[in-house]
Ligand code: GAP
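Here's what the structure looks like:
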């Protein structure tokens, strides 16, 4: 990360805390590693991101329905899905610092350093070796690369490493009152399995015809070896996943369809297309026959936000095997039973949140020849912004607060609003800019005469005078979901 980007990222993190978007969990006890709480504005923004995803996936597709399955599932689910045996990261410990690392992360950092030092060939060849070692799950090969490239522990500076071992990422706990005889259950590491085990329930109760999808938003838990970059890699996070069930043999068409559709969803909020790219997987997960990441350029580089996976019939076949229940679909057109193939779209809500904050954040210099000036502004899409409009009486007297309250009371029925009468109007505009409020409604003396107000637009800072009776309609149009979903 260059110094500027490093600083920018730090500023985004402190801005998120200062304005009530994201706090470290249990902060009064010095926090809990890789666990975060969303504050009063963060939870509004998060809810809007969820709503955007849900509307576009469920409401806009007649053949996609949503569910909300439990976090705890029968332990056999995770045996069947392959997570008990295969959901692991390669880890390595430094014997001097006693710090634990992901072996692949250490190597990736070395690749980045080679690149930064202009050693392009070295970085490319190490990347190739890393990909090969990961693709074949070759732990000794990872250890050999760490040795060969003289990778040192960032804390102790030594090369006194253990062997590379697999580390299962699932959290487990006991279900039942008695420790003895209680069943070991897992906190789900993905929401997808809750969809697979409900495939037949939904298909039959909803009379769904293939191709159709089941969507879900919910918490997932992973005991990440190394958690870093704020809410990028957390131990408790939220996923928005959709499994699309298709006729075997048609999965590549649907894979292409969802790959394009999902990128469109990202771009609809106005993000520059060059901030995104696709990254095809070299190492496919145990269930996939094709997989691509949608990556976003964060201040610390291009990183995965969403995955699109062609999961074949792996999951349903495994659950058939382990449960002994038939999980097949009768295709009335083909007149036969089969296990559908699945295309999955899986996006991390917290990563989408971080993306949204990084993309929106700007420190603007507004200085003129006469005076220095600046503002920090969040250019959030109006539909996603936590607060849609602020109502600001120009002064705290002459009946302006009363009129402002009347306007506020009417608008708050439809929109999340803020009322603010403290400090100068300029300071109040800046406070709203900093939390991404797209519109400020100012009530002045003219309002009392002709029932008009000014609307100040956050990005252009331009103001227009409009009748109070049209405010619902004007704000409604500016923050409508239609602006994102059409
Ligand atoms: N069901 C497929 C699945 O879970 P994944 O690539 O492991 O696939 C999907 O995860 C998405 O979940 C990722 O693209 C990322 O946005 C998010 N995600 C995964 N691990 C995460 C973590 N530790 N913290 C925050 N988000 C995470």
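Residue numbers (my numbering): 570 to 1055.
We put the CB at the ideal spot given by N, CA and C, even for glycine.
Source: prediction; values computed, not measured.
For a test of the three-state rule: what should DSSP assign to residue i, helix, strand or coil?
| i | result |
| --- | --- |
| residue 802 | coil |
| residue 796 | coil |
| residue 1050 | coil |
| residue 854 | coil |
| residue 1008 | strand |
| residue 704 | helix |
| residue 655 | helix |
| residue 784 | strand |
| residue 714 | helix |
| residue 650 | helix |
| residue 734 | strand |
| residue 611 | helix |
| residue 679 | helix |
| residue 729 | coil |
| residue 925 | helix |
| residue 1001 | helix |
| residue 635 | strand |
| residue 776 | coil |
Which partner residues of residue i appear in the DSSP bridge assignment?
| i | result |
| --- | --- |
| residue 877 | 861 and 914 |
| residue 789 | 806 |
| residue 947 | 930 |
| residue 987 | 959 |
| residue 1036 | 1021 |
| residue 630 | In the DSSP output, where bridge partners are listed per residue, residue 630 has none listed. |
| residue 766 | For residue 766, which the question treats as bridged, DSSP gives no partner whatsoever. |
| residue 898 | 907 |
| residue 744 | 752 |
| residue 661 | 670 |
| residue 813 | 782 and 912 |
| residue 590 | None; residue 590 has no bridge partner. |
| residue 870 | 867 |
Please classify residue i as buried or exposed, where buried requires at least 16 neighbouring CB atoms within 10 angstroms.
| i | result |
| --- | --- |
| residue 650 | buried |
| residue 661 | buried |
| residue 899 | exposed |
| residue 625 | buried |
| residue 959 | buried |
| residue 1005 | buried |
| residue 879 | buried |
| residue 1055 | exposed |
| residue 744 | exposed |
| residue 935 | exposed |
| residue 641 | exposed |
| residue 598 | exposed |
Quick check: what's the CA-CA separation for residue i versus residue j?
| i | j | result |
| --- | --- | --- |
| residue 630 | residue 852 | 32 Å |
| residue 868 | residue 927 | 8 Å |
| residue 580 | residue 634 | 39 Å |
| residue 663 | residue 734 | 13 Å |
| residue 1020 | residue 931 | 35 Å |
| residue 647 | residue 638 | 15 Å |
| residue 681 | residue 719 | 15 Å |
| residue 1002 | residue 990 | 16 Å |
| residue 917 | residue 972 | 43 Å |
| residue 1047 | residue 951 | 7 Å |
| residue 967 | residue 836 | 46 Å |
| residue 721 | residue 823 | 45 Å |
| residue 983 | residue 871 | 38 Å |
| residue 942 | residue 995 | 11 Å |
| residue 922 | residue 709 | 37 Å |
| residue 1033 | residue 1040 | 12 Å |
| residue 999 | residue 1027 | 9 Å |
| residue 997 | residue 945 | 13 Å |
| residue 683 | residue 692 | 5 Å |
| residue 954 | residue 614 | 6 Å |
| residue 818 | residue 830 | 20 Å |
| residue 774 | residue 768 | 10 Å |
| residue 1018 | residue 957 | 26 Å |
| residue 1016 | residue 588 | 31 Å |
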